[in-house]
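Going from the sequence shown to the numbering used here is simple: count from 1 and add 2.
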Amino acid sequence: APPPPARVAVIGGTYLNDIMLDSGWLKQEFTIETKAGPSPVIHYGEVDGVPFYFIDGHGRGKWVATWLALHELGVKEAIGGATAGGINLAMKTRDFVVPHDVIDFNTDRPKMIPPGSLGDEGFVLARLTPAVDPLIHRILVEESRAVLRPDRSFDDINIHEKGVVVQAAGGRFESAAEIAYFKQIGGDVVTMNVGTEISYARQVGINYACLIIISNPAEGIAPWGWDSLTGVYQKLNPAALQIVRRSLPRLAALPATGRVGEGLRVHPEMTAKPQK
Ligand SMILES: CSC[C@H]1O[C@H](OP(=O)(O)O)[C@H](O)[C@@H]1O
């Protein structure tokens, strides 16, 4: 049977994976074939009557196939969850950041989704300004406040409405000198995943923003231990799940057209036609 339709997707990183898989919201799993090979496992779920897809671990290494599959399935809105290291001293461990921009130093995933993957003639140079969808960005800020603020035990947690997320090369943590450099060029938090996600979502025309929880101070900013990584997200996971739950119906109700990303993906002058 074909998977049930949904126009919204949630992509889990470290902190959202387990709690989404345990949420009781997921009903069915499937994979689909894409021009970049089989998709990762895609979960179909429903909560409060809203159908959605969930992919854990950012697609478990299947970066291009993940976003081609979501496009193929007709997804229009997506939120990503990720942990990151705090570079900006105002962005402490446990704080929430809804980034507005990105610096992408990833080198092992293609910057451009291979030409022809989407059935476009030639290639498309997507634009990243603004880097995330402003409407989804606002929803994540508002729902983070709505969930965290009434709970006095979260009083020490800041919700940062803006932030530049640096995607490091990935594959290992950064050196202190690398972080000092990221700080100098305006980076606020550092991740190994979100830069690619921001870029691929735009390239396939899916409106996207992400909710980051800081799990540790970036290297050289302050000492941290492995327990920081696990401890932070275990404590904040239930709150994150409620933020997702409250955001989903709002994402599903967003207008399908007239969105800022539409004009940023395809421009006729930027599309190389095959030579006659
Ligand atoms: C958990 S430490 C490093 C790991 O965490 C971040 O990923 P995620 O988006 O799954 O939270 C970071 O990018 C690294 O992959």
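Cβ atoms here follow ideal geometry from the backbone N, Cα and C, with glycine treated the same way.
Just checking residue i against ligand 1 - is the residue's beta carbon closer than 6 Å to any of the ligand's heavy atoms?
{"i": "G88", "result": "no"}
{"i": "M194", "result": "yes"}
{"i": "T16", "result": "yes"}
{"i": "A84", "result": "yes"}
{"i": "L238", "result": "no"}
{"i": "L23", "result": "no"}
{"i": "L231", "result": "yes"}
Do we get a CB-CB distance below 7 Å when we pair residue i with the residues of chain D?
{"i": "I115", "result": "This model lacks chain D altogether; it includes just one protein chain."}
Rounded C-beta distance between residue i and residue j? I'm assuming under 8 Å.
{"i": "I214", "j": "T85", "result": "7 Å"}
{"i": "K164", "j": "H73", "result": "Actually they are not in contact, since the Cβ atoms of K164 and H73 sit about 28 Å apart, beyond 8 Å."}
{"i": "I13", "j": "G82", "result": "4 Å"}
{"i": "G87", "j": "V192", "result": "5 Å"}
{"i": "I44", "j": "A71", "result": "6 Å"}
{"i": "I21", "j": "P42", "result": "18 Å between Cβ atoms; not a contact."}
{"i": "I161", "j": "R147", "result": "6 Å"}
{"i": "S230", "j": "S217", "result": "6 Å"}
With distances taken between CB atoms, is the gap from residue i to residue j smaller than 7 Å?
{"i": "A220", "j": "Y210", "result": "no"}
{"i": "A254", "j": "Q205", "result": "no"}
{"i": "V167", "j": "V77", "result": "no"}
{"i": "G207", "j": "R267", "result": "yes"}
{"i": "A170", "j": "F107", "result": "yes"}
{"i": "R9", "j": "I141", "result": "no"}
{"i": "Y46", "j": "P6", "result": "yes"}
- Query: Residue ranges of each alpha helix (DSSP H) run of no fewer than 4 residues wholly in the segment 79 to 104, ordered along the chain?
  - Reply: none
- Check whether the segment 47 to 55 touches the segment 175 to 192, taking contact to mean three or more Cβ pairs, one atom from each stretch, closer than 8 Å. no
- Do the segment 109 to 123 and the segment 241 to 251 make contact, defined as three or more Cβ pairs closer than 8 Å? no
- Are the segment 36 to 44 and the segment 62 to 70 in contact at 8 Å, needing three or more beta carbon pairs? yes
- Item | Inside the segment 119 to 197 only - alpha helix (DSSP H) runs reaching at least 4 residues | 136 to 150 and 178 to 186
- Task: For the segment 203 to 273, list the alpha helix (DSSP H) runs that are entirely contained and at least 4 residues long, ordered along the chain.
- Result: 228 to 254 and 264 to 267
- Ordered list of beta strand (DSSP E) runs contained in the segment 3 to 87, each at least 3 residues: 10 to 13, 28 to 32, 44 to 49 and 52 to 57
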